[in-house]
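Peer 1: Got a structure for you, written out below as structure tokens; questions coming shortly.
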Amino acid sequence: MAPAEEGTSERRAAHQRLSTGALARWTRACATHPWRVVFGWVGIVAVLIVLVGTVGGSLRDEFEIPGSDTQKATDLLEAEFASEQGGVLNVVFAAPEGERLDTPERRAAIQEAIARLKSPQFAPKGDDAGLDSVGDPFSKDTVSDDGRIAYTEAQFDQTIEDKDREAVVAVQDAVREAVEPAGVTVEYNGDAEFPPIEQGTSEGLGLLAAIIVLLLVFRTFVAMIIPIALAIVALATAFLLLFILAGLTDINTVTPILVSMIGLGVGIDYSLFIVTRFRQLLHEGLSPRDAAAEAGASAGRAVLFAGLTVAISVSGLAFIGLDFVTKLGIGSALGVVTTVLIANSLLLAVLALLGHKIDRLKVPFLRRVDDSDAGREKTLVARWGRFVTANARVVFPVVLLLVLGLASTSALVRLGAADQGTQPKEQTSRRAYDLLAAGFGPGFNGPIPIVVDVNGDERAPQKIADGVQSLGGVASVGEPQLNDAKTVAIVFVTPQSAPQDEQTDELVDRLRDDVVPAATAGGDAAAYVSGQTAAFKDIADQIIDRMPLFLLYIIGVTFIVLAMAFRSIVISAKAAITTLLSAFVGFGVLTLVVQEGHLLGLTGLDVTGPIETFVPPIAFAILFGLSMDYEVFLMSRIREEHVHGLKTRQAVEYGISAIGRVVVTAALIMGTVFAAFILSADRIPKEFGLLLAIAILTDALIVRMTLVPAFLTLMGEKSWYIPRWLDRLLPNLTIEAPHNGETRPRSDVERPAGAERPAEPVGRH
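In this note's numbering, the protein residues as written are -1 to 763.
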């Protein structure tokens, strides 16, 4: 289709007015010199690749909980015990159901496996991980009462990281080769056994879903491939930065999952907005370079604002006071900031080079989308917007009650640590967990160590052990184990319940509140209850204590920024409250599925468990930032129409018809990318994927496209209220591009809303 001639001169004049300001000059430079930008990014990526090879590091899980009993116990053990232990691989043997391991053939096979592990083949060599010791699986305490299950510990000489995975697999393969011919099953768990990070499947499914949605929206293969390509380039660049950062500090294994989820989602979404704007400008008659420059100056400005909002939100994780949570936020911010930079530079250069070729390779059997004003007014989204505004008095309370009902289920949430018994059965660690629980009791998988700083009170460790004996819910108590100097002791408590059970939480509380104080009273000894259950209780307590400050920062900063942009405290307050509602809906659905077990099978899990303690704050920070994207894109267009003369209801209807389809498309893409991670093999990506997918789709489709329009319609012109003193105090922040010579937005309290609407605004998109 040839570019329309009508309105060309007006668009060119508008473009000239947009060529002011730092961002406009930058986008003009990117569009005017596209090859410089392309080669510049090629050079940047090349440098990053070199840096990864020279200073990059590997991922490792290090959890510190400052000031907690768990951290005090860890520090005491590291300082006072003779040597630092390496990774432990639990080797679990099992005979067929109803049979025993101590038959001559099976015993000989297991002993042969142990002999192999003790051979020089598996001894430490230089920097390579090797075995320091291997226990006897046929000792008194390592065989189940029925003789069917036994275990031993294979102790490595160093902490096992990703780079040592090959050494662990070699040990596992050697044992399997020795025992499986004798009919012995062998499984593995322990801190040395962690499945490698499986990335690619979820991302691939998310990209496939995004491709389908983009084809339906753009109707051409060339336009579809641009957002996909940008997301992949941005994600690859973010990963390079992440591994460079891993060489400077500890980055845990969950971070790449979050970077993938967020990087793909925002990469496709942000480029979707810019590409959509670029195509509209091309169809209105601008040259490719002018269209790319103006798309960056208008849609790119909103993308910049939205990306910075996400970065601000995840930076709030630092207020939680947990180093590993802060670094998860930093990793997430890397993905977003990288995407924003590439979208406002490389994407504009590529669009300028492509020009009208972006409309090539049309999808067969799909008609071209009518992107005119009249065409947008006929879309389903536009009709929905008019329905909502016409029936706002009914729609608002009904939708609000629905959202509140779903959000209320979040009150059932229990934070903790889901143990290995909740992992998919395909993982050897899950099968080993089940065997140990069957042979030695559910609490065997999560012993509770009590670390005692003797401080001259030599009787304290035994008094603690004696005190534990009288408690209910305890399966066994070990004899105190002292270091060589007899200054520190460990008392191992085996609960009757699994590590993730509420009864185990209660046992930890009784140990801390009753047993330890009673045993150390009148002396100088100090004792600290630690272990997996205690550690995640400490994390949960820290998060709950810091949550008010965390929320105050995120909501407060966002409120101020939105007030600066939209000149309305009503809009800002509404944005914060509705985003909270969307987040609680996500938490509520996650709780119902993963914790309570409703529709659990759809996630690929077969056992319920608590929600990991760090999931809610991280997900909330991400969600708050991403939901502001939709708030900014939608409200900037509604405000634009209101500033130019439409009353609030008409501005809402016109804003939804103009930008609503893109918002819905972006939400569907983001939601499907997140939902694809439900198919991950690990529980944590499943939790993040389900929570974020539900929350994002709720926020965009129910809250932004239904609840918010109904609310604005009911509020009318009061929607734009801002106290005059605050209006004078707050600086002006422009999100939408300037229009009709206007260089900055003015407070709507100074502009009569009923003024006659001027001629077609030059920023129409």
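All C-beta atoms in this analysis are idealised placements derived from N, C-alpha and C, irrespective of residue type, glycine included.
In this text the structure is predicted, and so the values were computed from the model without any measurement.
Could you tell me if Q593 is buried or exposed, where buried requires 16 or more neighbouring beta carbons within 10 angstroms of its beta carbon?
Peer 2: As a working note, residue 593 is residue 595 in the sequence shown. Buried is the call here.
Peer 1: How is the alpha helix (DSSP H) around V789 delimited, first residue to last?
Peer 2: Residue 789 falls outside the range modelled here, since the chain spans only -1 to 763, and no answer is possible.
Peer 1: Ends of the beta strand (DSSP E) at S131?
Peer 2: Along the sequence shown, one-based indexing puts residue 131 at 133. Counting along the chain, the beta strand (DSSP E) containing S131 begins and ends at 129 to 132.
Peer 1: Here's the rule I'm using: 16 or more other beta-carbon atoms within 10 Å means buried, otherwise exposed. How should F237 be labelled?
Peer 2: One-based indexing of the sequence shown puts residue 237 at position 239. Classification for F237: buried.
Peer 1: In the structure shown, what three-state DSSP assignment does S313 receive?
Peer 2: Position 315 of the sequence shown, counting from 1, holds the residue named residue 313. Looking at S313 - three-state DSSP - the assignment turns out to be helix.
Peer 1: To the nearest angstrom, report how far apart G739 and A581 are at their CA atoms.
Peer 2: Here residue 739 refers to the residue found at position 741 when the sequence shown is read from its first residue. Here residue 581 refers to the residue found at position 583 when the sequence shown is read from its first residue. Any reading at G739 is ruled out, since the residue's pLDDT is 35, under 50, leaving its predicted position unreliable.
Peer 1: Where do the ends of the beta strand (DSSP E) carrying A92 lie?
Peer 2: As a working mapping, residue 92 is identified with position 94 in the sequence shown. Secondary structure note for A92: its beta strand (DSSP E) is the uninterrupted segment 86 to 92.
Peer 1: Rounded to whole angstroms, what's the CA-CA distance from G245 to P94? Just pull it up for me.
Peer 2: By one-based count along the sequence shown, residue 245 stands at place 247. By one-based count along the sequence shown, residue 94 stands at place 96. Whole-angstrom Cα-Cα distance: 46 Å.
Peer 1: Put Y719 into one of helix, strand or coil per three-state DSSP.
Peer 2: To locate residue 719, count along the sequence shown from 1; it is residue 721. Here Y719 sits in coil by DSSP.
Peer 1: Taking V662 as the reference, which of A532, A190, I700 has the closest Cα?
Peer 2: Translated into the one-based positions of the sequence shown, residue 662 becomes position 664. The option with the nearest alpha carbon to V662 is I700.
Peer 1: For A649, tell me which candidate among G658, R659, E638 has the shortest Cα-Cα distance.
Peer 2: Locating residue 649 in the sequence shown gives position 651, where the first residue counts as 1. Nearest option by C-alpha distance: E638.
Peer 1: Does DSSP put Q479 in a helix, a strand or coil?
Peer 2: One-based indexing of the sequence shown puts residue 479 at position 481. Correct three-state label for Q479: strand.
Peer 1: Classify R277: buried if its beta carbon has 16 or more other beta carbons within 10 angstroms, exposed otherwise.
Peer 2: Looking up residue 277 in the sequence shown gives position 279. Under this definition R277 is a buried residue.
Peer 1: Would you mind stating whether I226 and I209 have Cβ atoms separated by less than 8 Å?
Peer 2: As a first step, residue 226 is located in the sequence shown; it is residue number 228 there, counting from the start. As a first step, residue 209 is located in the sequence shown; it is residue number 211 there, counting from the start. Yes, the pair counts as a contact, with Cβ atoms nearer than the cut-off.
Peer 1: List the endpoints of the continuous beta strand (DSSP E) containing D189.
Peer 2: Position 191 of the sequence shown, counting from 1, holds the residue named residue 189. Per DSSP, D189 belongs to no beta strand (DSSP E) and is neither H nor E.
Peer 1: Where in the stretch 633 to 680 do unbroken runs of the alpha helix (DSSP H), each at least 4 residues long, occur, reported from the N-terminal end onward?
Peer 2: For the stretch 633 to 680, whole alpha helix (DSSP H) runs of length 4 or above, ordered along the chain, are 646 to 674.
Peer 1: Taking the alpha-carbon of L410 as reference, which of Y149, L624, A121, V587 has the nearest alpha-carbon?
Peer 2: On the sequence shown, position 412 is the one that residue 410 refers to. Of the candidates Y149, L624, A121, V587, the one whose C-alpha sits nearest the C-alpha of L410 is V587.
Peer 1: Spatial neighbours of G145 within its chain, please: CB distance less than 7 Å, with the 5 preceding and 5 following residues excluded, ordered by chain position.
Peer 2: The residue given as residue 145 occupies position 147 in the sequence shown. Excluding positions up to five away in sequence, the list reads R98, L99, D100.
Peer 1: For D160, does the three-state DSSP call read helix, strand or coil?
Peer 2: By one-based count along the sequence shown, residue 160 stands at place 162. Three-state DSSP puts D160 in a helix.
Peer 1: Evaluate T741 with the Cβ neighbour count: other Cβ atoms within 10 Å of its Cβ, from every protein chain shown; 16 or more gives buried, anything less gives exposed.
Peer 2: Here residue 741 refers to the residue found at position 743 when the sequence shown is read from its first residue. In this prediction, T741 scores a pLDDT of 36, lower than 50, which makes its location untrustworthy; the coordinate-derived value is nonetheless stated afterwards. Classification of T741: exposed, given that the 10 Å Cβ count is below 16.
Peer 1: Quick check: what's the CA-CA separation for D765 versus R428?
Peer 2: The requested residue 765 is not part of the displayed model; the chain covers only -1 to 763.
Peer 1: E638 CB to nearest chain C CB: under 8 Å?
Peer 2: The chain inventory of the structure shown lacks chain C, comprising one protein chain alone.
Peer 1: Identify, in the order they occur along the chain, each residue of the same chain with its Cβ nearer than 6 Å to the Cβ of E103, setting aside the five sequence neighbours on each side.
Peer 2: Residue numbering aside, residue 103 sits at position 105 when the sequence shown is read from its first letter. So the list reads A180, once near-sequence residues are dropped.
Peer 1: Determine the burial state of E60: buried for a count of at least 16 other Cβ atoms within 10 Å of its Cβ, exposed for fewer.
Peer 2: Stepping through the sequence shown from its first residue, residue 60 is reached at position 62. Its Cβ having fewer than 16 others within 10 Å, E60 is exposed.
Peer 1: Quickly, what does DSSP pair P447 with across the bridge? List them, please.
Peer 2: Locating residue 447 in the sequence shown gives position 449, where the first residue counts as 1. According to DSSP, which records beta bridges pairwise, P447 is partnered with F490.
Peer 1: From which residue to which residue does the alpha helix (DSSP H) around Q501 run?
Peer 2: Taking the first residue of the sequence shown as position 1, residue 501 is located at position 503. Per DSSP, Q501 belongs to the alpha helix (DSSP H) from 500 to 508.
Peer 1: May I ask you to report which of helix, strand or coil DSSP gives S66?
Peer 2: Your numbering for residue 66 matches position 68 in the sequence shown. Coil at S66, not helix or strand.
Peer 1: Check each candidate in W39, G55, M222, V89 and name the one with the smallest Cα separation from A664.
Peer 2: Your numbering for residue 664 matches position 666 in the sequence shown. Selected option, being the one with the closest Cα: M222.
Peer 1: Would you say K765 and G595 are within 8 Å of each other, going by their C-beta atoms?
Peer 2: Summary: the structure shown does not reach residue 765, with the chain confined to residues -1 through 763, and so no result is reported for it.
Peer 1: Run through the DSSP bridge pairs and tell me what E151 is partnered with.
Peer 2: Taking the first residue of the sequence shown as 1, we reach residue 151 at position 153. DSSP output for E151 lists N88 as bridge partner(s).
Peer 1: Just how far apart, CA to CA, sit A430 and F192?
Peer 2: Counting from 1 along the sequence shown, the entry for residue 430 is found at position 432. Counting from 1 along the sequence shown, the entry for residue 192 is found at position 194. So the alpha carbons of these two residues sit roughly 12 Å apart.
Peer 1: Specify, as a first and last residue, the run of the beta strand (DSSP E) that A524 falls within.
Peer 2: In the sequence shown, residue 524 corresponds to position 526, counting from 1. Segment 524 to 527, the beta strand (DSSP E) holding A524.
Peer 1: Check whether the stretch 45 to 65 touches the stretch 318 to 331, counting contact only when three or more Cβ pairs, one atom from each stretch, lie closer than 8 Å.
Peer 2: Yes: the two stretches touch, three or more of their Cβ pairs being nearer than 8 Å.
Peer 1: Quick one: grab the DSSP three-state call for S137.
Peer 2: The residue labelled residue 137 in the question sits at position 139 within the sequence shown. Here S137 sits in coil by DSSP.
Peer 1: Buried or exposed, going by whether 16 or more other CB atoms sit within 10 Å of the CB of W33?
Peer 2: Within the sequence shown, numbered from 1, the residue matching residue 33 stands at position 35. Classification for W33: exposed.
Peer 1: Comparing C-alpha positions only, which one of A487, D503, K484 sits nearest to P493?
Peer 2: The residue given as residue 493 occupies position 495 in the sequence shown. Selected option, being the one with the closest Cα: D503.
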